[in-house]
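What the sequence shown shows, in this note's numbering, is residues 527 to 839, in sequence order. Idealized CB from N, CA, C, for every residue including glycine. Values in this document were obtained by computation on a predicted structure and should not be read as measured data. Worksheet: the structure to be examined is printed underneath.
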Amino acid sequence: MPDCVTGQISRRTFLAGAAAALATPMLQGADSVKLDGYVDAHSHIWTDDVVKYPLVDNQPASNLIPRTFTADELLAIARPVGVSRVVLIQHKPYFGVDNSYLADVMAAYPGVFSGVACVAAEKPNPDAEMVRLKKQGFRGFRIRPGEGAAEKWIDSPGINAMWATAAKENLAICPLIGAEDIAQVVEMCGKYPDTTVVVDHLARVGMTGDFPEPDVQRLLGLAKRPKVHVKVSAFYFLGKKKPPYRDLVPLIRRVYDAFGASRLMWGSDCPYQLGGGNNYPASVELIEKGLDFLSAPDRESLLKGTATKVFFS
């Protein structure tokens, strides 16, 4: 179930594209690799050990696509292209609000991973759960439209508690949204101006294959909120949805002009970036070589600095 929208990549297509990428030597736990390389601000991992880490709603392990995508498998792909740290995103469709697998991985790889967790905003005291998870290494908390037992976030006591706690605890709220939901982010930012916000995947602008100007304008309007950051990520799902992703350059340029490099961060959205003719190196190369308007410090911000500031400081 990709971040961007459920059902857009078939099991057969994904497995065909990912098989070669995953056919790499396995690493053996945490090691002494230097942590001064790039930061991938967005990847999922999982295990098929559903006894220790049960899937939500009693799903069988056969629902996992691919069957596993572990920390070792991710790092075997990421490290050869200069990525040394990764922000891990809880995959709610598989694991719900049980963040224990990501917590265990972060503990096993000190300094390598940070995490974005999911909590039950519809239940009492999600703020207390955020503080507990912060102690385990989580620095962000993912929310989706409709969560918090209310149609709009502004009407949800739990979502409001999350935004207030994020500001107090120096944590990030990470909305997984489409352009149609940006108004809710604006509304919450107005109420909680000190909360750090990281919007996933360019707010999915371009998911239909084109870049509707009203959607672009909604995204650019978020730049007026100084604590809002944007992930330049999930290229497999935007525009033409295939390397070298040059059709995304005009959108990225406009986002860069509005936000500045210090509020943008690159992310792969693995393992989904590995399917359908897409691959991990191509995602990095768009930032490294495909955006000629970036200065060297700008490129450093997108590939390392911004994510380090938000998720590793």
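Item checked: CB contact flag (residue 666, residue 642, <8 Å) -> Position 140 of the sequence shown, counting from 1, holds the residue named residue 666. Position 116 of the sequence shown, counting from 1, holds the residue named residue 642. In this structure, residue 642 lies closer than 8 Å to residue 666 by Cβ.
Next item on the list: Can you have a look at residue 611 and say buried or exposed, based on whether 16 or more other CB atoms are within 10 angstroms of its CB?
Entry: Against the sequence shown, residue 611 aligns to sequence position 85. Under this definition residue 611 is a buried residue.
Next item on the list: Indicate whether at least one CB of chain B lies closer than 8 Å to the CB of residue 565.
Entry: Included in the structure is just one protein chain, with no chain B present.
Margin query: Which residues does DSSP list as the beta-bridge partners of residue 757?
Written below: On the sequence shown, position 231 is the one that residue 757 refers to. According to DSSP, which records beta bridges pairwise, residue 757 is partnered with 791.
Margin query: Which of the three DSSP states is assigned to residue 752 in this structure?
Written below: Position 226 of the sequence shown, counting from 1, holds the residue named residue 752. Here residue 752 sits in coil by DSSP.
Next item on the list: Report back the beta-carbon spacing between residue 800 and residue 755 to the nearest angstrom; my notes put them in contact at under 8 Å.
Entry: Along the sequence shown, read from residue 1 onward, the residue named residue 800 stands at position 274. Along the sequence shown, read from residue 1 onward, the residue named residue 755 stands at position 229. Actually they do not touch by this definition, with Cβ atoms about 25 Å apart.
Notebook entry, point to check: When you compare each of 707, 670 and 658 to residue 695 by their alpha carbons, which one comes out closest?
Noted result: Within the sequence shown, numbered from 1, the residue matching residue 695 stands at position 169. For the residues 707, 670 and 658, the minimum Cα distance to residue 695 belongs to 658.
Next item on the list: Using alpha carbons as the reference points, say which of 739, 725, 825 and 743 lies closest to residue 529.
Entry: Taking the sequence shown and counting its residues from 1, one reaches residue 529 at position 3. When each option's Cα is compared against that of residue 529, the closest is 725.
Check: Going by the CB atoms, is the gap between residue 692 and residue 721 shorter than 8 Å?
Finding: For the purposes of this step, residue 721 is taken as residue 195 along the sequence shown, with counting starting at 1. For the purposes of this step, residue 692 is taken as residue 166 along the sequence shown, with counting starting at 1. A contact, by the Cβ cut-off of 8 Å.
Margin query: Does residue 562 pass the burial test, meaning 16 or more other C-beta atoms within 10 Å, or should it be called exposed?
Written below: Numbered from 1 along the sequence shown, position 36 holds the residue referred to as residue 562. Answer is exposed; the Cβ neighbour count stays below 16.
Next item on the list: Have a look at 792, 832 and 570 and flag the residue whose alpha-carbon is nearest the alpha-carbon of residue 591.
Entry: Numbered from its first residue, the sequence shown carries residue 591 at position 65. That would be 570, whose Cα lies nearest to the Cα of residue 591.
Check: Can you check whether the CB of residue 744 is closer than 8 Å to the CB of residue 816?
Finding: Taking the first residue of the sequence shown as position 1, residue 816 is located at position 290. Taking the first residue of the sequence shown as position 1, residue 744 is located at position 218. It is not a contact, given that the beta carbons lie outside the stated cut-off.
Next item on the list: Helix, strand or coil for residue 670, going by three-state DSSP, please let me know.
Entry: By 1-based counting over the sequence shown, the position of residue 670 is 144. Residue state, collapsed to three classes: coil.
Checklist line | residue 729 versus 718, 765, 717 and 719, residue with shortest Cα-Cα distance | finding: Counted from its first residue, the sequence shown places residue 729 at position 203. The residue with the shortest Cα to Cα distance from residue 729 is 765.
Check: residue 595: which of 606, 619, 740 and 796 sits nearest, CA to CA?
Finding: The residue given as residue 595 occupies position 69 in the sequence shown. Comparing Cα-Cα distances from residue 595 to each of 606, 619, 740 and 796, the minimum goes to 796.
Next item on the list: Inspect the CB distances between the region 597 to 607 and the region 646 to 658 and report whether three or more fall short of 8 Å.
Entry: no
Check: Is it true that the region 734 to 742 meets the region 674 to 689, where meeting means three or more beta-carbon pairs spaced less than 8 Å apart?
Finding: no
Note to self: Let's test the definition: count the other Cβ atoms within 10 Å of the Cβ of residue 554 and tell me whether it reaches 16, buried, or not, exposed.
What the structure shows: Reading the sequence shown from its first residue, position 28 is the one you call residue 554. In this prediction, residue 554 scores a pLDDT of 44, lower than 50, which makes its location untrustworthy; no coordinate-derived value is stated.
Margin query: Here's a check: name, in chain order, each residue in its chain whose Cβ is nearer than 7 Å to the Cβ of residue 702, leaving out the five neighbours to either side.
Written below: Locating residue 702 in the sequence shown gives position 176, where the first residue counts as 1. Once the five neighbours on either side are set aside, the close Cβ partners of residue 702 are 529, 668, 670 and 726.
Note to self: By the three-class DSSP mapping on this structure, what secondary structure does residue 773 have?
What the structure shows: Position 247 of the sequence shown holds residue 773. The answer is helix: DSSP assigns residue 773 an H, G or I state.
Item checked: Contact under 8 Å by Cβ, residue 837 with residue 588 -> Residue 837 sits at position 311 when you count from the first residue of the sequence shown. Residue 588 sits at position 62 when you count from the first residue of the sequence shown. Cβ atoms of residue 837 and residue 588: not closer than 8 Å.
Notebook entry, point to check: Along the chain, which unbroken stretches of the alpha helix (DSSP H) at least 4 residues long are found entirely within the region 557 to 634?
Noted result: 597 to 604, 618 to 621 and 626 to 634
Checklist line | Cutoff 8 Å; reference residue 660; Cβ partners in own chain excluding five residues on either side | finding: The count along the sequence shown starts at 1 and reaches residue 660 at position 134. Excluding positions up to five away in sequence, the list reads 695 and 697.
Next item on the list: Taking only the alpha-carbon atoms, compute the straight-line gap between residue 826 and residue 676 and give it to the nearest angstrom.
Entry: Mapped onto the sequence shown, residue 826 falls at position 300. Mapped onto the sequence shown, residue 676 falls at position 150. Taking the straight line from one Cα to the other gives about 39 Å.
Next item on the list: Please state whether DSSP places residue 810 in a helix, a strand or coil.
Entry: Taking the sequence shown and counting its residues from 1, the one referred to as residue 810 is at position 284. Residue 810: helix per DSSP, three-state reduction.
Check: Exposed or buried, which one is residue 804 when buried takes at least 16 other CB atoms within 10 Å?
Finding: Counting from one through the sequence shown, the residue named residue 804 turns up at place 278. Per the 10 Å Cβ criterion, buried.
Next item on the list: For residue 832, collect the residues of the same chain with a Cβ closer than 7 Å to its Cβ; drop the 5 residues on either side in sequence, then sort them by chain order.
Entry: Taking the first residue of the sequence shown as 1, we reach residue 832 at position 306. Counting only Cβ-Cβ distances below 7 Å, and skipping sequence neighbours, we find 755, 788, 789, 790 and 791.
Check: Considering only residues of the same chain and omitting the five flanking positions on each side of residue 834, which have a CB-CB separation below 7 Å?
Finding: Your numbering for residue 834 matches position 308 in the sequence shown. Result list for residue 834: 565, in chain order.
Check: Do you know offhand how far residue 567's Cα is from residue 581's?
Finding: Taking the sequence shown and counting its residues from 1, one reaches residue 567 at position 41. Taking the sequence shown and counting its residues from 1, one reaches residue 581 at position 55. Roughly 24 Å between the two C-alpha positions.
Checklist line | Other residues of its chain near residue 718: CB distance less than 7 Å, five sequence neighbours each side excluded | finding: Counting from one through the sequence shown, the residue named residue 718 turns up at place 192. Hits under 7 Å: 689, 690 and 693.
Check: Straight-line CA distance for residue 821 to residue 782?
Finding: In the sequence shown, counting from the first residue as 1, residue 821 sits at position 295. In the sequence shown, counting from the first residue as 1, residue 782 sits at position 256. Those two C-alpha atoms are separated by around 12 Å.
Margin query: If you measure between the beta carbons of residue 663 and residue 705, is that distance less than 8 Å?
Written below: Here residue 663 refers to the residue found at position 137 of the sequence shown. Here residue 705 refers to the residue found at position 179 of the sequence shown. Cβ distance not < 8 Å, so residue 663 and residue 705 don't count as in contact.
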